[in-house]
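Everything on this sheet refers to the single structure shown next.
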Amino acid sequence: MMGIEFPPAWILWGGTALLPLLPRRLRPAACCVFPAAALALVLALPIGASFRLSFGPYELLVLEFSRLGRVFAIIFALIATLGGIYSLHLRETGQQGAALLYAGGALGVACGGDLFTLLFCWEVMTAGSTWLIWARRDRESREAGMRYLLYHLFGGGLLMSGILLHFKQTGSLALVAFASEAATPAAWLILAGVVINAAMVPLHTWLPDSYPRATVTGAVFLSAFTTKAAVYVLAVLFPGWPVLLVMGTVMTVYGVIYAFLADDIREILSYHIVSQVGYMVAGVGIGTELALNGSAAHAYSHILYKALLFMGAGAVLQATGTGKLHRLGGLYPELKGAFIFYMVGALSISGAPLFNGFISKSIIVYAAHEGGHGIAHLFLLLAGVGTFLSVGVKLPYFTWFHEKKEPLPRRPLPGGMMAAMALTSFLCLAYGVFPDALYRELPFAMNYRPYTALHLSEAVQILVFTFLAFWWMRAKLVPHDLISLDTDWCFRAPAPWVRRVAVDGVNAVFDAADRLAFAFARRVAELSVHPLAAIRSLGRPERPFDPHLDRPPLSLPIGLTLLVTVVAAVWVLAR
Amino acid sequence: MRRWQKAALGGFAAAGVLGQVVDPGQGWEAIPGSFALFGALGCLLLMGVAKGLGKIGISREPDFYRRENERERTDGDDGD
Amino acid sequence: MIGPQICMLIPVVYLFGALLVPLIGWRRGAAGWGMALAAAAGAFFFSLGGLAGVLQRGSLSYHLGGWMPPIGIEFVMDPLSAFLEVVITGIGLLAVVYTRRSVEHEIPDRLMPFSSLALLVLTGLSGMVITGDLFNLYVFLEISALAGYALIAVGERPASYAAFRYLGMGTVGASFYLLGLAFLYMTLGTLNMADLSRMLAVTDVSATVAVGLLLLFMGAALKMALFPMHGWLPDAYTHASSAATALIAPIGTKVAGYILIRVLLYLLGAGEKGSGLPLLSLLAYLGAAAVIYGSILAVCQSELKRMLAYSSIAQVGYIAIGVGLNSALGFTGAVLHILNHACMKASLFFVSGGLRLRLGHSRIPRFTNALRRAMPWSSAAFALAALSMIGLPPTAGFFSKWYLALGAIEQSRWLFLGVLLFSSLLNAVYFFRVLERMYLDRPGIEPAERPTSVARHEAPPAMLLPAVALSSALLVIGLGNTWIVDRLIGPMIPGGM
Chain W
1 MMGIEFPPAW ILWGGTALLP LLPRRLRPAA CCVFPAAALA LVLALPIGAS
51 FRLSFGPYEL LVLEFSRLGR VFAIIFALIA TLGGIYSLHL RETGQQGAAL
101 LYAGGALGVA CGGDLFTLLF CWEVMTAGST WLIWARRDRE SREAGMRYLL
151 YHLFGGGLLM SGILLHFKQT GSLALVAFAS EAATPAAWLI LAGVVINAAM
201 VPLHTWLPDS YPRATVTGAV FLSAFTTKAA VYVLAVLFPG WPVLLVMGTV
251 MTVYGVIYAF LADDIREILS YHIVSQVGYM VAGVGIGTEL ALNGSAAHAY
301 SHILYKALLF MGAGAVLQAT GTGKLHRLGG LYPELKGAFI FYMVGALSIS
351 GAPLFNGFIS KSIIVYAAHE GGHGIAHLFL LLAGVGTFLS VGVKLPYFTW
401 FHEKKEPLPR RPLPGGMMAA MALTSFLCLA YGVFPDALYR ELPFAMNYRP
451 YTALHLSEAV QILVFTFLAF WWMRAKLVPH DLISLDTDWC FRAPAPWVRR
501 VAVDGVNAVF DAADRLAFAF ARRVAELSVH PLAAIRSLGR PERPFDPHLD
551 RPPLSLPIGL TLLVTVVAAV WVLAR
Chain Y
576 MRRWQKAALG GFAAAGVLGQ VVDPGQGWEA IPGSFALFGA LGCLLLMGVA
626 KGLGKIGISR EPDFYRRENE RERTDGDDGD
Chain S
656 MIGPQICMLI PVVYLFGALL VPLIGWRRGA AGWGMALAAA AGAFFFSLGG
706 LAGVLQRGSL SYHLGGWMPP IGIEFVMDPL SAFLEVVITG IGLLAVVYTR
756 RSVEHEIPDR LMPFSSLALL VLTGLSGMVI TGDLFNLYVF LEISALAGYA
806 LIAVGERPAS YAAFRYLGMG TVGASFYLLG LAFLYMTLGT LNMADLSRML
856 AVTDVSATVA VGLLLLFMGA ALKMALFPMH GWLPDAYTHA SSAATALIAP
906 IGTKVAGYIL IRVLLYLLGA GEKGSGLPLL SLLAYLGAAA VIYGSILAVC
956 QSELKRMLAY SSIAQVGYIA IGVGLNSALG FTGAVLHILN HACMKASLFF
1006 VSGGLRLRLG HSRIPRFTNA LRRAMPWSSA AFALAALSMI GLPPTAGFFS
1056 KWYLALGAIE QSRWLFLGVL LFSSLLNAVY FFRVLERMYL DRPGIEPAER
1106 PTSVARHEAP PAMLLPAVAL SSALLVIGLG NTWIVDRLIG PMIPGGM
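Chains as they are written, first to last, in my numbering: chain W, 1 to 575; chain Y, 576 to 655; chain S, 656 to 1152.
Written out as structure tokens, the structure reads:
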């Protein structure tokens, strides 16, 4: 149409660079305009658009627009716009810039055409998202952000190693699906790096550790991009890998169980990200066209309703100052708007008819059934039960109803938040009522009809009876102020011992070496100058360690040099 | 719960089971009310498993990790 | 226009500058500094000309006094030398610009001797890379070393002690080098580099020659502060004045690395002949040890300059690995890293000197995020250089590590790849500690207590601009690294690779 074909990510990154130059009052609006412009470009680009960039002897395909990539690109740009509206009240340029950078990275992944572009955008996403966690500036978020960063640098390192190895073996950086039967070590390395970002159990703990500790607005962005970009990459590179079906199923149930135990409302939502992404990963693992369509559709819907849920929870956090269920309660008449919009998201995630979760999650469940994966089908249904239980019933009940536990402040909610929530709710409903609007965009042809009597009855029965079961047991389910230990216990619990050994231990070793060397040198010097005095001083205790006076004597490094010379000379001459 | 809420729930439940009668699925999905049973039992199962895991040690006090890492990093002496 | 005399001109400009500075600056130190600045600018200009000439016409050669080699001393500017000259003179110029304010603050009344010594150090360093004779290299080595000891000693009280330790170890290193030279001269009868490489190509490497080369290697490695001969470096860099460290740290050890590159890859000949002696493997393994040792110890430090010193030990390890890999990719990574590290370390040390000027200290635990508001440009320059040290694209540091990684993968040497990746993580840890304190709030400070407006108290322009210029250069080098690799580094890859 316009003949302009360049990566939409550049619009967002250009926005990040321009942001400090704009007048302060315009910056929040710019955070809506840039993503909207990117969305317009995404909608205008034809399938198959490409853009090449020379990088030395290599030619990078920074843009290669496929059908699958288009779906993800549309929703990434859309949610960046909605997030920008949600953050209109924000006055912090660092967070705004980081959000644009992060969203741009995700767009770059969805539109990219080769492995190097993928890697580059992956790292950019890590940088932007880490800042959004640190931006909350309290001690917990500093530590959580550090863990998040190290986790993602580790995953990025695995991804890079896999890509380098793959490049060395095949000489190509193209995005071609790997066959699961002929899996090379390079493919496994790339898979390992990608599944960390997809929050696959047991390497998922970064998500519930850091998302609840991000800022109110930052969490909305965080919930949208990292995991879904990873799902996209899995769908492109690893469709049909059986391990994904198994692990995806495990993720769905693992997530709902831990969500049920969680006390922080955003931690509940974070574990549900793990669970819902499990559906998408399982869909990729099934590998049929229907299942891949389902993963893409579910990613699309999930981004919308998960952002809405985080917006609602963020509104509660913004208004009352706390996100802990054991402190919340009885908010109903006052935060009514947030409640209504939250429930739209909750009904969507639970797969209630007329909402967009119903038209997307059921595709994957049906594909599991069709493909003969009976056990997976059962577990996915079970996870649906658990989803409604925690998100649709338990969280809203103990937040807005039940009893008031302590007096909490009631700060007013910015208009941008309410507008963003209203828009997103509208989209959730719209796609639920008109599923073809989404189905049209999916990569493969779609014959699935969500609104059959069987599917409707399945959804309604599950929702009603889950609610009844909760209602019956509700007295026993009052939340307590507890945290759950997850697989990150493995490295968080030993941390003080590791620190004692690796840092304090090293210091202690050098201190001891210093002391010994000094003592030796002093004795020898005394002995040679004043033999009698030296003998007399044998009984005297040493004075305390002084870093300036107690350095190792010059003989130590010179001695080391001589030692290395002699050893090397022997080695050289022995050849 | 108020009357009208109970009535609405009952209505939805009935409609749901009816839908399964009209359009049965395959295998166990053909039995009317099977999803309802699945929902209720599944819910109780999940709650039980979660609570059980919590009791055997997963649920801990909130400053579990902070207690372990309480020693603030002291400014160490210079190495070497 | 650009004749072979340009080889000679660069050290000569520095030397004459160094001798004129005391004369001109006898009364007013600032006048002497001005002379030093002029000399540094002139040398930089000449080295750029030399690089342009070499790129157009190939190597330049100048015979000192008209005497023919191998009896006479020959100065050769080949692509590698020209490249390193630009790095040395460029950093030298920025360091001299930086010197005035920094020295006035830290060691007042010493500006004139400091400027003169700085020029002498630069004489030695620039002469080392341009000479074509191994003994002449020793002469320049000693010039730079002695001036360097004095430069480091001009500082706070512990500086003299650190300089003495450096002197002790440096003399050992220079003596090893001289002894190695003696063995080579004894058996081969010449010390001219071109001659030596021809003779080594046709003769077998006897035990004497092997030991001679080994001693040469050890001497250069000690000057390069390769683990475990690094003992002089932490104290020397920490206690010297900020300007002295900023001058010596980015380029001093690299020129010693140049000696190793010249001897091991050019003289011995890369490829099959060079691998007859295990010196390259030794270099690579010591480099890997240096990387790990330096990175771990940097994490333990609480003083910024000391942390950067240990980080330098690690970075020298990268260069050693690159050379030791004995391949075109490794060589490219090593030379690119010489350039990158010079820029990164210089920028970091410039900023740390600025911090000492404004805060009075550079102890990391005492940094607060008031720094971000009081010294925004310094913090930004530091942050950019730190990101480059960690190796995040598109900064320059990423690309040199990329080449090194490719070199390691090409030869399937997974140990080095692992060391590279692990050290990047460690780099992230110790740099983020500083960045975190600069940019994020400390716990326990209530929002109400936080100072709402911190006055802008940025470092003076003479100290700030070199740092900002180098940090920006990191982005430029990163984005233009393909041009650098193709046009500048490509021609200098030794034959046999």
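Built from N, CA and C at the ideal position, the CB exists for glycine as well.
Just so we're clear, the structure is a prediction, and the values are computed from it rather than from any experiment.
Subject >> C-alpha gap between Gly1052(S) and Gly629(Y), whole angstroms >> reply: 47 angstroms
**OP:** Could you tell me whether any Cβ in chain Y is nearer than 8 angstroms to the Cβ of Thr452(W)?
**Re:** yes
**OP:** Assuming Leu991(S) contacts Ile1144(S) (C-beta within less than 8 angstroms), just tell me the rounded distance between them.
**Re:** Taking the Cβ atoms as the reference, Leu991(S) lies roughly 7 angstroms from Ile1144(S), within the contact range of under 8 angstroms.
Original post:
In terms of residue numbering, what span does the beta strand (DSSP E) encompassing Ser716(S) cover?
Top reply: Leu715 to His718
**OP:** Starting from Pro557(W), find everything on chain S with Cβ-Cβ shorter than 7 angstroms and list it in chain order.
**Re:** Met824, Met884, Gly886 and Trp887
**OP:** With 8 angstroms as the threshold, decide whether the Cβ of Pro1031(S) is near any Cβ in chain W.
**Re:** no
Subject >> Residues that Tyr58(W) bridges to, as DSSP identifies them >> reply: Phe55(W)
Subject >> Own chain partners of Val742(S) with C-beta closer than 6 angstroms, once the 5 adjacent residues on each side are dropped >> reply: Leu994 and Ala997
Original post:
Using the rule of at least 16 other Cβ atoms within 10 Å of the residue's Cβ for burial, across every protein chain shown, is Val447(W) buried or exposed?
Top reply: Per the sequence presented here, residue 447(W) reads as Asn, with Val not at that position. With fewer than 16 Cβ atoms within 10 Å of its Cβ, Asn447(W) is classed as exposed.
Original post:
Taking C-alpha atoms, which residue in Leu846(S), Tyr753(S), Glu761(S) and Tyr821(S) lies nearest to Ile726(S)?
Top reply: If we check each option's Cα against that of Ile726(S), Leu846(S) comes out closest.
Subject >> One or two residues paired with Ala174(W) in a DSSP bridge >> reply: Asp114(W)
Subject >> Thr565(W): contacting residues in chain S (beta-carbon distance under 8 angstroms) >> reply: Going along chain S in sequence order, the residues near Thr565(W) (Cβ under 8 angstroms) are Phe831, Leu869, Leu870 and Met873.
Subject >> One or two residues paired with Lys324(W) in a DSSP bridge >> reply: Asp264(W)
Original post:
Is the CB-CB distance between Val365(W) and Leu335(W) below 8 angstroms?
Top reply: Against a cut-off of 8 angstroms, the Cβ pair of Leu335(W) and Val365(W) comes out as no contact.
Original post:
Are the C-beta of Arg1021(S) and some C-beta of chain W separated by less than 8 angstroms?
Top reply: no
Subject >> Short Cβ contact (8 angstroms threshold) for Met1093(S) with Arg1027(S) >> reply: yes
Original post:
So the alpha helix (DSSP H) Val1123(S) belongs to, where does it begin and stop?
Top reply: Pro1116 to Leu1134
**OP:** Jot down the residue ranges of each uninterrupted beta strand (DSSP E) in the region 755-831 of chain S, minimum 3 residues, whole runs only, in chain order.
**Re:** none
Subject >> Interface partners of Ile631(Y) on chain W, CB under 9 angstroms >> reply: Under the 9 angstroms cutoff, chain W gives no residues; its nearest Cβ is about 11 angstroms from Ile631(Y).
**OP:** Compare the C-beta of Leu554(W) with all C-beta atoms of chain S and state if any pair is closer than 8 angstroms.
**Re:** Yes, Leu554(W) lies at the interface with chain S (some Cβ there is under 8 angstroms from its Cβ).
**OP:** Would you kindly work out how many angstroms separate the C-alpha atoms of Val827(S) and Phe882(S), rounded to a whole number?
**Re:** 15 angstroms
Original post:
Got a sec, what are the start and stop residues for the beta strand (DSSP E) Glu729(S) sits in?
Top reply: Glu729 to Met732
**OP:** Kindly list the residues whose CB is nearer than 7 angstroms to the CB of Leu261(W), restricted to its own chain and excluding five residues on each side of it in sequence; keep chain order.
**Re:** Take Leu261(W), set aside five residues on each side of it, and the residues of its chain with a beta-carbon closer than 7 angstroms to its own are Ser484, in chain order.
Subject >> Anticipated Cβ contact below 8 angstroms, Ala1153(S) with Leu748(S), distance rounded >> reply: Nothing in the structure corresponds to residue 1153(S), since chain S is present only between 656 and 1152.
Original post:
From which residue to which residue does the alpha helix (DSSP H) around Gly844(S) run?
Top reply: No alpha helix (DSSP H) holds Gly844(S); DSSP gives it neither H nor E.
Original post:
Leu780(S) to Ala800(S), Cα distance in whole Å?
Top reply: 9 angstroms
Original post:
Is the distance from the Cβ of Val918(S) to the Cβ of Leu836(S) below 8 angstroms?
Top reply: no
Original post:
Residue ranges of each alpha helix (DSSP H) run of no fewer than 4 residues wholly in the region 992-1047 of chain S, ordered along the chain?
Top reply: 1025-1029 and 1031-1045
Original post:
Who does Ser634(Y) pair with in a DSSP beta bridge?
Top reply: Ser484(W)
Subject >> For Asp488(W) and Asp209(W), believed in contact at Cβ under 8 angstroms, the rounded distance >> reply: 6 angstroms
Original post:
Does the beta carbon of Asn197(W) sit closer than 8 angstroms to a beta carbon anywhere in chain S?
Top reply: Not one chain S Cβ lies under 8 angstroms of Asn197(W).
Subject >> Against chain W: residues of the region 593-609 of chain Y by CB proximity under 9 angstroms >> reply: Leu593, Gly594, Gln595, Val596, Val597, Asp598, Pro599, Gly600, Gln601, Gly602, Glu604, Pro607, Gly608 and Ser609
Original post:
Mind checking if Arg137(W) is an interface residue toward chain S, Cβ cutoff 8 angstroms exclusive?
Top reply: By this cut-off, Arg137(W) is an interface position.
Subject >> Of the listed residues Tyr840(S), Gly874(S) and Val668(S), nearest to Ala568(W) (C-alpha basis) >> reply: Taking only the C-alpha atoms, the option nearest Ala568(W) is Gly874(S).
Original post:
Helix or strand or just coil, what does DSSP make of Glu123(W)?
Top reply: helix
Subject >> Cα-Cα separation between Gly594(Y) and Leu584(Y), rounded to whole angstroms >> reply: 15 angstroms
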